[in-house]
Amino acid sequence: MSAEDIIEEMEKKGREELNRISADCEKNLKGIIEENQRKLEELKATMSKKLEESLKRIEITSNDEIVIARKTIEMDRKQKLIEEFWEMVGGLEPDIRKDPKYEDFIRDSIKEATSKLGKGVTVIGSSEDKTLISKVNGNFTFKEANKAQLGILAISSDGKRTINMIFNSIMADQKNRTEEKVMGKIGAD
Numbered sequence: 004m005s006a007e008d009i010i011e012e013m014e015k016k017g018r019e020e021l022n023r024i025s026a027d028c029e030k031n032l033k034g035i036i037e038e039n040q041r042k043l044e045e046l047k048a049t050m051s052k053k054l055e056e057s058l059k060r061i062e063i064t065s066n067d068e069i070v071i072a073r074k075t076i077e078m079d080r081k082q083k084l085i086e087e088f089w090e091m092v093g094g095l096e097p098d099i100r101k102d103p104k105y106e107d108f109i110r111d112s113i114k115e116a117t118s119k120l121g122k123g124v125t126v127i128g129s130s131e132d133k134t135l136i137s138k139v140n141g142n143f144t145f146k147e148a149n150k151a152q153l154g155i156l157a158i159s160s161d162g163k164r165t166i167n168m169i170f171n172s173i174m175a176d177q178k179n180r181t182e183e184k185v186m187g188k189i190g191a192d
């Protein structure tokens, strides 16, 4: 087998592994999003019931005042629902960390980082994830993060490139899009 064949085979295996890791990460993230959607629907049902109760008490005022109050209350409730959703997501850290898919997420994130950034990658993670991270085989160094976080931050050996797979950063990137979708589904004007 020639060197070109070996290189081509290695590149093929690398692409296949990267595709598998990407699919696994997408699947894991989809599971987390679906669980959060379910919880959001439960929260939406509760908030809708409370909203209806509030609206019935307001109906003693004039029709114009009712329309104005309804719109104000609905938007406030919907905004509160969104805020509670993000608080709920933020409060899921212990549950996420216990989920078996989280270990897969950490492993896949490190493998993707070492694949993309090369040898000698520094993986920055939470002390709570140190055991999970130490289970991953690869050419990387672990550095403990200054604060607790879900996920990892990977830095290339030359320090010029990073891959941010910290859960809060991923969620922050998705926040505006998620809020727009949620507000659209609950009928925000």
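Counting from 4, one number per residue, gives the positions in the sequence shown under our numbering. From the three backbone atoms N, C-alpha and C, an ideal C-beta is built for every residue, glycine too.
- From the listed residues Leu54, Glu115, Glu90, Leu95, the smallest Cα separation to Thr75 is found for Leu54.
- Less than 8 angstroms divides the Cβ of Ala116 from the Cβ of Ile166.
- For secondary structure counted as the alpha helix (DSSP H) over 4 or more consecutive residues, the stretch 54-119 holds these complete runs in sequence order: 66-93, 96-101.
- The alpha carbon of Gly128 has as its nearest neighbour, out of Met168, Pro97, Asp27, the alpha carbon of Met168.
- With fewer than 16 other Cβ atoms inside 10 Å of its own Cβ, Gln177 counts as exposed.
- Contiguous alpha helix (DSSP H) elements confined to the stretch 126-155 occur at 133-137, taking only those with 4 or more residues.
- At a Cβ-Cβ threshold of 8 angstroms, Ile158 and Thr125 count as neighbours.
- Counting along the chain, Met168 sits inside the beta strand (DSSP E) bounded by residues 165-169.
- Ile189 carries a coil assignment under DSSP once its states are collapsed to helix, strand and coil.
- In summary, Gln152 is buried, with 16 or more beta-carbon neighbours lying within 10 Å of its beta-carbon over all protein chains present.
- Bridge pairing for Ile36: absent [DSSP].
- The stretch 32-50 makes contact with the stretch 91-99: 3 or more CB pairs, one atom from each, lie closer than 8 angstroms.
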